[in-house]
Amino acid sequence: MYGLSCRVTWRGLRSFFPPLTPLPPGLPRVLAAGKKDLVDLPVLNEDELEEQFVRGSGPGGQATNKTSNCVVLKHVPSGIVVKCHQTRSVDINRKRARDIMREKLDVLYKGELSKVVLKKKEAELRKHEKRKKANDNLERKRLFKEALAADSKPGSDTV
Amino acid sequence: MAVNLWSFRDSLKCFQGIWGCHGVRRCSVPAPALPAGRITARQAVDVWKRHFEETGVTEPDSSSHYIIAHLLGAKTIESLEQGKLTEFLSREKTEQMWQLCTRRLSRMPVQYVIEEWDFRDLTLKMRPPVFIPRPETEELVELMLTDPEMKPGAGVGADAQRTCLEVGCGSGAISLSLLNSMPQLKAIAVDQSQDAVDLTRENALRLGLQDRLQVYHIDVLKDAETVASLCSPVSALVSNPPYLFSEDMSSLEPEILRFEDHAALDGGKDGLKVIKKILTVAPQILTNHGRVYLEVDPRHPPLIRRWVEANVEEMHYVETRHDITGRPRFCVLQKKMSNKGHKLDQD
């Protein structure tokens, strides 16, 4: 593509995506990728997932109008990657990617847990924990800085 | 880097013909000729993808894919029926493909080219110059829906009708999405643009949500008091207000600069012009403990927190939330408990 630099980010998802809780009333049931009831499938741990987005360089939001809404979701411990571009909504694609991921994990868990898979999981987890620790530290520093800035006014409410 | 390229491209605007040529490498590249014989959907996509690439149209892949999918009755090319792409296009469909792709040559956003787009589980009509919803804003809605404060049955008057107010509704994406997900909710939406008001009403009708939504043509910068008088206190105020910094406007991509309403983007020198107004009037609009949900520029959250603490006694800054790319993007504030006629209580 001529010119435009794209920002492709792999995000660890600690708190960016709300945990999978029962759907709020009124929200239409997300279509399951397969025939199984969602309840039977393994629950996803967002800490084990990484998501890829293309959102352009710069501040994003109103400053950008990109239409590439494909979501790529990776389950770090198993190495399973799910790609979803079924709809034009990033939000829906993310939810569907997770449904597909749960189905794939179900297949994986039901199958024989070979040594190879276990070994791979261990190695990935170790790498992931290391990265997570580094990110957590950065996050802590950032929050500290922000708290400092907010408390700069004398006599202000402590939040 | 991208910033400089767009300025350079814009300076070539004067060389655009009706085919919208603005290639840096050459000028006057006509649109590909309408084929004499039959072509397949796949071939049409390839012709136009190549042409978009040659003329510097961004997202040449996605653009041609979304357009052909739309013509063939699908949302995305990935969700098309097997084999559809290798079928021959009818004469009518071929002409439509050429017509729509020619619009894209002028850098018209795909959403305006096909006149629709999806926002969460809704399909909305799109029309220039009404602001096109961004993916980040889907998360703003998700944030509200998962906020315990917004749950039906929460707080005082559990069964009471909940109402929310949206400032700057654009195509109606936020309000309509909330209404669609919360059957007990009522909404009021305002926008300074008559085009936006019309489009929101149109989308409400198409989705059968018009009974629970009132839309008004009001500029909150000029008539903030009018907004306050429209409704008895609401439990939530939501907005994706213009939040770009004025100095950043000129470096926007042509898709945005040429086709979207600048008033929906430009938030003044510090991008906070409309945000400050909303927060100033929020205490008059909200119930006690009512919340404000804002989408903002990543630089804004600490600025807003400081400003609110210094200037809007009644509002308490609750938290900053990040978007999917990890940028600070959403501010949540809450109206403190107030006793009218008494000194304001500090929560």
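Line by line, the protein sequences give chains A and B.
Quick note: the first sequence uses UniProt numbering, first residue 1, plus one each step.
Quick note: the second sequence uses UniProt numbering, first residue 1, plus one each step.
Note that beta-carbon positions come from the ideal geometry of N, C-alpha and C, so glycine has one too.
Computed from a predicted model, the values in this text were never measured in an experiment.
Q.
According to DSSP, simplified to helix, strand and coil, what is S114(A)?
A. Bear in mind that a pLDDT of 47 at S114(A), under 50, signals an unreliable position, so the number given afterwards is only what the model happens to contain. Of the three classes helix, strand and coil, the one that applies to S114(A) here is coil, per DSSP.
Q) On the three-state DSSP scale, how would you describe Q86(A)? A) coil
Q) Counting only runs that start and end within the segment 106-185 of chain B, where is the alpha helix (DSSP H) found for 4 or more residues in a row? A) 110-113, 135-145, 173-181
Q.
Any beta carbon of chain B sitting closer than 8 Å to that of I92(A)?
A. yes
Q) So M144(B) and V238(B) are in contact, right, with Cβ under 8 Å, and what is the actual spacing, rounded? A) 6 Å
Q. What first and last residue would you give for the alpha helix (DSSP H) that runs through Y66(B)?
A. 60-71
Q | Burial state of N45(A) (16 or more Cβ within 10 Å) | A | exposed
Q. List, in order along the chain, the chain B residues whose C-beta lies closer than 8 Å to that of F144(A)?
A. Under the 8 Å cutoff, chain B gives no residues; its nearest Cβ is about 13 Å from F144(A).
Q | C-alpha distance - E103(A) paired with I80(A), whole-angstrom precision | A | 11 Å
**Q.** Residue nearest to L89(B) in terms of C-alpha spacing, selected from E225(B), A196(B), I68(B)
**A.** I68(B)
Q) Which residues in the same chain as D297(B) place their Cβ atom closer than 8 Å to its Cβ, once the five residues preceding and following it in sequence are excluded? A) Y243, L244, F245, G267, G271
Q. Unbroken alpha helix (DSSP H) runs of length 4 or more, entirely within the segment 252-325 of chain B: which are they?
A. 254-259, 273-285, 300-311
Q | P301(B) beta carbon less than 8 Å from that of T320(B) | A | yes
(Q) Excluding the 5 residues flanking Q192(B) on each side, which residues of the same chain have their C-beta closer than 6 Å to its C-beta? (A) D219
Q. Shorter than 8 Å from the beta carbon of I39(B) to some beta carbon of chain A?
A. no
**Q.** CA nearest to the CA of L207(B), picked from N180(B), P135(B), L265(B), G290(B)
**A.** N180(B)
Q: Would you identify the three-state DSSP class for S250(B), choosing helix, strand or coil?
A: helix
Q: Return the chain-ordered list of same chain residues with a C-beta closer than 8 Å to the C-beta of A31(B), the five sequence neighbours on each side being excluded.
A: W19, H51, W98, C101, T102, L105
Q | Member of S232(B), R258(B), T226(B) whose CA lies at the smallest distance from the CA of P129(B) | A | R258(B)
Q | Contact list for the segment 70-86 of chain B against chain E, Cβ threshold 9 Å | A | Absent from the structure is chain E; the protein chains it does hold are A and B.
Q. Along chain B, which residues have their Cβ under 8 Å away from the Cβ of Q86(A)?
A. K75, T76, E78, S79
**Q.** alpha helix (DSSP H) segment containing F52(B), residue limits
**A.** 41-54
Q: Taking A204(B) as part of the alpha helix (DSSP H), name the residues at either end of that continuous run.
A: 194-206
Q.
Could you tell me the alpha carbon to alpha carbon distance between R120(B) and L178(B), rounded to whole angstroms?
A. 10 Å
Q) Which one or two residues does DSSP pair with D191(B) in a beta bridge? A) H217(B)
Q) DSSP state of A236(B), grouped into three classes? A) strand
Q | N- and C-terminal bounds of the alpha helix (DSSP H) containing V43(A) | A | Note, V43(A): premise wrong, no alpha helix (DSSP H); not H, not E.
Q) DSSP three-state call for E50(A): helix, strand or coil? A) strand
**Q.** Rounded distance between the beta-carbons of V234(B) and G290(B), thought under 8 Å
**A.** 6 Å
(Q) Using a Cβ-Cβ distance cut-off of 8 Å, determine whether Q62(A) contacts chain B. (A) yes
**Q.** F131(B), buried or exposed, once every other Cβ within 10 Å from all chains shown has been counted against 16
**A.** buried
Q: Under 8 Å Cβ to Cβ from T200(B), same chain only, skipping five residues before and after it: list those, please.
A: C169, G170, S171, G172, S175, L176, A189, D191, L213, V215
Q | Enclosing alpha helix (DSSP H) for V227(B) [first to last residue] | A | 224-230
Q: Identify the continuous beta strand (DSSP E) that holds K66(A) and give its terminal residues.
A: Taken as a continuous stretch (DSSP letters only), K66(A) belongs to no beta strand (DSSP E), as it is neither H nor E.
Q: Kindly indicate which residue of G61(A), L125(A), I100(A) has the alpha-carbon position closest to the one of S78(A).
A: L125(A)
Q.
Can you pull the chain A neighbours of S106(B), defined as C-beta to C-beta under 8 Å?
A. Chain A residues near S106(B): none, gap ~15 Å exceeds 8 Å.
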